[in-house]
Amino acid sequence: MAIAKVIGIETEFGIAGGPEQDPIVASSVIVNAYAQRGMTHINWDFEGETPGVDARGIAGLTAFAPIVETQLANTVLANGARLYVDHAHPEYSSPECRTPLEAVRFDAAGEEVLRRAQDFANDTLDPAQAITIYKNNSDGKGNSYGCHENYLVARSVEFADLVRALVPHFVSRQIVVGAGKVGVEIDQSRSARPAFQVSQRAEFFEEVVGLETTLKRPIVNTRDETHGDAERFRRLHVIIGDANLSQYATAVKLGATALLLAALEDQGLRAFPAAPRDPVRAVRAFAADPTLRVAVECVDDRTRTAWDFQDELWALAQRYTTETGASAVAEPDEVHFILDQWREMLDGVRDDPDAVADRVDWVAKKRIVDGYRERYGLNHDDARLRAIDLQYHDLRPGRSLAARVGLRRIVGDDAIEAAILEPPASTRAFFRGQCVKRFPGAIAAANWDSVVFDLGDGPLQRVPMPDPLRGTAALTAHLFETNSTAIDLLSALGG
Amino acid sequence: MVEQERIQKQRVTRPTESAPEVPVDTSKGEQLKADLDDLLDEIDEVLEENAEEFVRNYVQKGGE
Chain U
17 MAIAKVIGIE TEFGIAGGPE QDPIVASSVI VNAYAQRGMT HINWDFEGET PGVDARGIAG
77 LTAFAPIVET QLANTVLANG ARLYVDHAHP EYSSPECRTP LEAVRFDAAG EEVLRRAQDF
137 ANDTLDPAQA ITIYKNNSDG KGNSYGCHEN YLVARSVEFA DLVRALVPHF VSRQIVVGAG
197 KVGVEIDQSR SARPAFQVSQ RAEFFEEVVG LETTLKRPIV NTRDETHGDA ERFRRLHVII
257 GDANLSQYAT AVKLGATALL LAALEDQGLR AFPAAPRDPV RAVRAFAADP TLRVAVECVD
317 DRTRTAWDFQ DELWALAQRY TTETGASAVA EPDEVHFILD QWREMLDGVR DDPDAVADRV
377 DWVAKKRIVD GYRERYGLNH DDARLRAIDL QYHDLRPGRS LAARVGLRRI VGDDAIEAAI
437 LEPPASTRAF FRGQCVKRFP GAIAAANWDS VVFDLGDGPL QRVPMPDPLR GTAALTAHLF
497 ETNSTAIDLL SALGG
Chain Z
13 MVEQERIQKQ RVTRPTESAP EVPVDTSKGE QLKADLDDLL DEIDEVLEEN AEEFVRNYVQ
73 KGGE
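Residue numbers (the working numbering), protein chains in the order written: chain U, 17 to 511; chain Z, 13 to 76.
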């Protein structure tokens with residue numbers, strides 16, 4: 017039986033403006049602006065070392081003078097997420113979620129957190145220094161930043177089998193869940209330069225398997241940092257996705273991958289399609305071909321288009337669901353929703369793109385780019401088309417094009433609001449988020465697999481959480497109901 | 013410190029997300045096209061004024 021596919025999604029946001037026009041400063045201003053508005057003051061715990069305790073405490077929304085802090089900020093939110101400065105970007109790492117749609121909700125919450133942080137920061141800044149945040153993955157000049165997915169996988173699965181199963185999916189899923197991009201950034205000398213690519217990220221991948229995330233990016237990343245019990249679990253760290261504005265795309269991106277991982281755990285490699293002979297060439301060729309006609313040679317001597325790969329993988333996931341119920345991924349209704357949308361979006365991109373322009377990001381973006389270019393008779397490399405690309409991802413409501421193309425939503429405003437304030441009930445993020453929310457003054461720090469308490473009169477006390485499926489509401493909600501202080505909570509836990 | 017949750021018998025937790033209904037609508041394509049035309053009509057008000065400069069100035073450091 018496949019283990020529960022606990023999912024997390026991390027997004028590094030693009031950022032412009034800010035004091036000194038420095039992205040590191042701007043990112044710090046963003047994270048600190050959110051923290052200073054009383055959303056959190058709790059530090060991230062680095063590698064189990066005793067962190068410095070922030071003495072500011074929580075204060076009311078209006079209590080702060082407009083102070084601009086520039087130290088590298090790193091915080092834990094009440095919804096169990098991490099909000100911090102990663103390199104030169106603000107990053108939101110969602111709490112661990114039990115199902116794909118739950119992860120969609122917490123990804124949408126992250127987008128809104130960044131939007132609010134942007135507003136909070138800009139309230140304090142000179143308009144000339146206003147900060148703008150983009151949910152995208154590249155600057156159009158060869159610099160890329162990630163949107164990573166994490167899936168809980170049984171340690172017993174051989175890594176080589178993960179690679180073998182996932183490469184066909186990771187090279188081809190972009191035709192359904194790619195975010196689209198105007199032009200080419202890498203290898204500009206190539207003979208046929210595509211005017212539009214289906215993926216933001218694809219052309220940045222140079223290896224099939226590897227540990228790197230910033231140089232020589234691999235299609236399958238080998239980072240083995242479990243943030244939990246490494247004897248039972250592996251956290252598969254996926255770096256080859258685009259950040260999506262379409263919630264449907266996020267749902268299918270996470271849901272399809274989770275279903276394939278569960279199928280691999282339960283049924284092995286047998287039914288997976290053969291990989292391309294040259295996966296790096298394949299992922300780039302598929303990205304550069306919005307007509308979806310390019311086919312690549314595979315190790316079984318067949319040739320497949322990206323669509324062919326996805327068609328075979330969908331059939332595999334569908335069969336797996338019929339045979340087992342796929343409860344490791346979600347309840348039946350949710351699994352069927354994922355499969356239905358994956359199928360519709362896959363058929364749509366080939367047969368009737370307009371019909372899926374309300375769900376597939378690259379199709380939605382390409383329609384505006386093509387429409388604008390045709391209306392004004394522009395060249396493919398006109399700066400206005402690149403501006404459209406960039407502003408598709410703009411988080412400012414007044415400037416966002418994604419907000420104007422009629423993307424369907426899965427998660428409503430109320431559900432997003434709740435996901436900003438409350439952790440998911442279904443994983444250890446519940447325990448983390450509740451602690452942050454209820455006992456902010458007693459928490460020294462927190463990270464994925466522990467919460468560290470400082471009760472003021474003794475050593476720091478660490479509550480370990482090695483299993484992502486413990487610490488749920490079902491297991492711990494009663495502790496929060498019956499213990500109104502951190503001291504009581506810890507003694508109830510046995511400390 | 014004993015971890016309370018670890019010694020409890022694990023209950024089966026069921027995900028609570030519900031899948032939205034997706035209505036089938038055949039007039040959708042036409043509506044989308046009309047919506048796109050409307051968007052193209054107003055897009056210049058949304059786009060940054062100097063596209064050339066805006067795009068040139070958007071430079072990020074690599075991340076991850």
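Idealized CB from N, CA, C, for every residue including glycine.
For clarity, every value in this text was computed on a predicted model and none was experimentally measured.
Run the CB neighbour count on residue i, radius 10 Å, all protein chains shown included, and call it buried at 16 or more, exposed below.
{"i": "residue 17 of chain U", "result": "exposed"}
{"i": "residue 332 of chain U", "result": "buried"}
{"i": "residue 144 of chain U", "result": "exposed"}
{"i": "residue 105 of chain U", "result": "buried"}
{"i": "residue 79 of chain U", "result": "Any reading at residue 79 of chain U is ruled out, since the residue's pLDDT is 30, under 50, leaving its predicted position unreliable."}
{"i": "residue 306 of chain U", "result": "buried"}
{"i": "residue 437 of chain U", "result": "exposed"}
{"i": "residue 319 of chain U", "result": "exposed"}
{"i": "residue 27 of chain U", "result": "buried"}
{"i": "residue 64 of chain Z", "result": "exposed"}
{"i": "residue 54 of chain Z", "result": "exposed"}
{"i": "residue 176 of chain U", "result": "exposed"}
{"i": "residue 157 of chain U", "result": "exposed"}
{"i": "residue 498 of chain U", "result": "exposed"}
{"i": "residue 500 of chain U", "result": "exposed"}
{"i": "residue 59 of chain U", "result": "buried"}
{"i": "residue 315 of chain U", "result": "exposed"}
{"i": "residue 127 of chain U", "result": "buried"}
{"i": "residue 197 of chain U", "result": "buried"}
{"i": "residue 93 of chain U", "result": "buried"}
{"i": "residue 20 of chain Z", "result": "Reliability fails at residue 20 of chain Z, whose pLDDT of 41 lies under 50, so the model's placement of it is uncertain and no value is given."}
{"i": "residue 472 of chain U", "result": "exposed"}
{"i": "residue 295 of chain U", "result": "buried"}
{"i": "residue 246 of chain U", "result": "exposed"}
If the cut is a Cβ gap below 7 Å, which residues of chain U does residue i touch?
{"i": "residue 63 of chain Z", "result": "399, 400 and 403"}
What residues of chain Z sit near residue i, judged by a beta carbon separation below 9 Å?
{"i": "residue 229 of chain U", "result": "75 and 76"}
{"i": "residue 124 of chain U", "result": "Those do not exist, as residue 124 of chain U stays about 12 Å from chain Z at its closest Cβ, beyond 9 Å."}
{"i": "residue 104 of chain U", "result": "72, 73, 74 and 75"}
{"i": "residue 161 of chain U", "result": "72, 73, 74, 75 and 76"}
{"i": "residue 145 of chain U", "result": "Here the premise fails: no neighbours, minimum Cβ distance about 14 Å."}
{"i": "residue 255 of chain U", "result": "76"}
{"i": "residue 199 of chain U", "result": "Per Cβ cutoff of 9 Å: no residues; residue 199 of chain U is ~10 Å from chain Z at best."}
{"i": "residue 335 of chain U", "result": "Chain Z residues near residue 335 of chain U: none, gap ~20 Å exceeds 9 Å."}
Going along chain Z, which residues have a C-beta under 8 Å from residue i?
{"i": "residue 155 of chain U", "result": "70, 71 and 72"}
{"i": "residue 391 of chain U", "result": "52"}
{"i": "residue 10 of chain U", "result": "The requested residue 10 of chain U is not part of the displayed model; chain U covers only 17 to 511."}
{"i": "residue 500 of chain U", "result": "Correct list: empty, because the minimum Cβ distance to chain Z is about 16 Å."}
{"i": "residue 516 of chain U", "result": "A query on residue 516 of chain U cannot be resolved here, the shown segment of chain U reaching from 17 to 511 and no further."}
{"i": "residue 262 of chain U", "result": "Correct list: empty, because the minimum Cβ distance to chain Z is about 14 Å."}
{"i": "residue 422 of chain U", "result": "44 and 47"}
{"i": "residue 28 of chain U", "result": "75 and 76"}
Strictly under 9 Å for the Cβ-Cβ distance: is residue i near chain A by that measure?
{"i": "residue 406 of chain U", "result": "Note that chain A does not occur in the displayed structure, where the protein chains are U and Z."}
- Message: Could you check whether the segment 252-265 of chain U touches the segment 148-162 of chain U, counting it as contact only if at least three pairs of C-beta atoms, one from each stretch, sit closer than 8 Å?
- Response: yes
- Task: Name, going along the chain, the residues of the segment 365-389 of chain U whose beta-carbon falls closer than 8 Å to a beta-carbon of chain Z.
- Result: 368, 370, 371, 373, 374, 383, 384, 387 and 388
- How about the segment 463-479 of chain U and the segment 114-126 of chain U: do they share at least three Cβ pairs that are nearer than 8 Å? no
- Task: Examine the Cβ distances between the segment 418-430 of chain U and the segment 41-55 of chain Z and report whether three or more of them are shorter than 8 Å.
- Result: Three or more beta-carbon pairs separated by less than 8 Å link the segment 418-430 of chain U to the segment 41-55 of chain Z, which places the two stretches in contact.
- Query: Looking at chain Z, which residues of the segment 33-57 of chain U have a Cβ within less than 7 Å of any of its Cβ atoms?
  - Reply: 39
- Message: Counting beta carbon pairs with one atom in the segment 334-353 of chain U and one in the segment 296-315 of chain U, are three or more of them shorter than 8 Å?
- Response: no
- Item | Meets three-Cβ-pair contact criterion under 8 Å: the segment 38-45 of chain U and the segment 162-169 of chain U | They do not touch, by the three-pair rule.
- Message: Can you pull out the residues from the segment 131-143 of chain U whose beta carbon lies closer than 9 Å to at least one beta carbon of chain Z?
- Response: none
- Is the segment 269-282 of chain U in contact with the segment 432-451 of chain U, if contact means three or more CB pairs nearer than 8 Å? no
- Query: Does the segment 345-352 of chain U come close enough to the segment 209-223 of chain U that 3 or more CB-CB pairs lie under 8 Å?
  - Reply: no
- Message: My parser needs the alpha helix (DSSP H) runs of 4 or more residues fully inside the segment 185-217 of chain U; what are they?
- Response: For the segment 185-217 of chain U, whole alpha helix (DSSP H) runs of length 4 or above, ordered along the chain, are 190-193.
- Query: According to a CB-to-CB cut-off of less than 7 Å, which residues of the segment 231-254 of chain U neighbour chain Z?
  - Reply: none
- Task: Please go through the segment 367-439 of chain U and give each complete alpha helix (DSSP H) segment of 4 or more residues, from N-terminal end onward.
- Result: 377-392, 399-408 and 429-437
- Message: Restricting to runs no shorter than 3 residues, where is the beta strand (DSSP E) found entirely within the segment 336-365 of chain U?
- Response: none
- beta strand (DSSP E) runs wholly inside the segment 439-504 of chain U, at least 3 long, in chain order: Within the segment 439-504 of chain U, the complete beta strand (DSSP E) runs of at least 3 residues are 459-463, 466-469 and 477-480.
- Runs of alpha helix (DSSP H) lying entirely within the segment 221-307 of chain U, each at least 4 residues, in chain order: 263-283 and 295-303
- Any contact of the segment 447-462 of chain U with the segment 486-493 of chain U, i.e. 3+ C-beta pairs under 8 Å? yes
- Inspect the CB distances between the segment 402-413 of chain U and the segment 220-233 of chain U and report whether three or more fall short of 8 Å. The segment 402-413 of chain U makes no contact with the segment 220-233 of chain U: fewer than 3 CB pairs, one atom from each, lie closer than 8 Å.
- Task: Specify whether the segment 123-139 of chain U and the segment 370-382 of chain U touch according to this definition: at least 3 beta carbon pairs, one from each stretch, less than 8 Å apart.
- Result: no
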